[in-house]
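J.:
In this note's numbering, the protein residues as written are 212 to 299.
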């Protein structure tokens, strides 16, 4: 266990940040799942905007790698665009 006050504070801060990052990452994964299950084009476009923003935020904070965020956005865009061809 740490002996210095600053080290104890760092442990507390790291735990708080870990829980916040975990919550944000899990929330984003839930939105991605919701987007993949959507069959309505209009709803999918709105959810895609939200998910895209969430992924960018996670990448900016180094919770996920920026290329992983980019790959996920690309794959989700394909899912959303496929809904148009299926509906048309």
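Every residue, glycine too, gets a C-beta built ideally from N, C-alpha and C.
Remember, predicted model here, so these are calculated numbers, not experimental data.
Hey, quick one: how far does the alpha helix (DSSP H) through residue 239 stretch, first residue to last?
T.: By one-based count along the chain shown, residue 239 stands at place 28. Unbroken alpha helix (DSSP H) run through residue 239: 216–248.
J.: Distance, Cα to Cα, residue 246 vs residue 264?
T.: For the purposes of this step, residue 246 is identified with residue 35 of the chain shown, where counting begins at 1. For the purposes of this step, residue 264 is identified with residue 53 of the chain shown, where counting begins at 1. Taking the straight line from one Cα to the other gives about 14 Å.
J.: From residue 292 to residue 224, what distance separates their C-alpha atoms?
T.: For the purposes of this step, residue 292 is taken as residue 81 along the chain shown, with counting starting at 1. For the purposes of this step, residue 224 is taken as residue 13 along the chain shown, with counting starting at 1. Each residue's Cα considered, the two are about 42 Å apart.
J.: Is it buried or exposed for residue 222, if we count other Cβ within 10 angstroms and need 16 for buried?
T.: By 1-based counting over the chain shown, the position of residue 222 is 11. It is exposed - the Cβ of residue 222 has fewer than 16 other Cβ atoms within 10 Å.
J.: Evaluate residue 269 with the Cβ neighbour count: other Cβ atoms within 10 Å of its Cβ, from every protein chain shown; 16 or more gives buried, anything less gives exposed.
T.: Taking the chain shown and counting its residues from 1, the one referred to as residue 269 is at position 58. Classification for residue 269: buried.
J.: Specify whether the stretch 278–291 and the stretch 246–261 touch according to this definition: at least 3 beta carbon pairs, one from each stretch, less than 8 Å apart.
T.: Touching, yes, given that three or more Cβ pairs across the two stretches are closer than 8 Å.
J.: From the DSSP output, in three-state form, read off residue 279 for me.
T.: By 1-based counting over the chain shown, the position of residue 279 is 68. DSSP places residue 279 in helix when its eight states are reduced to three.
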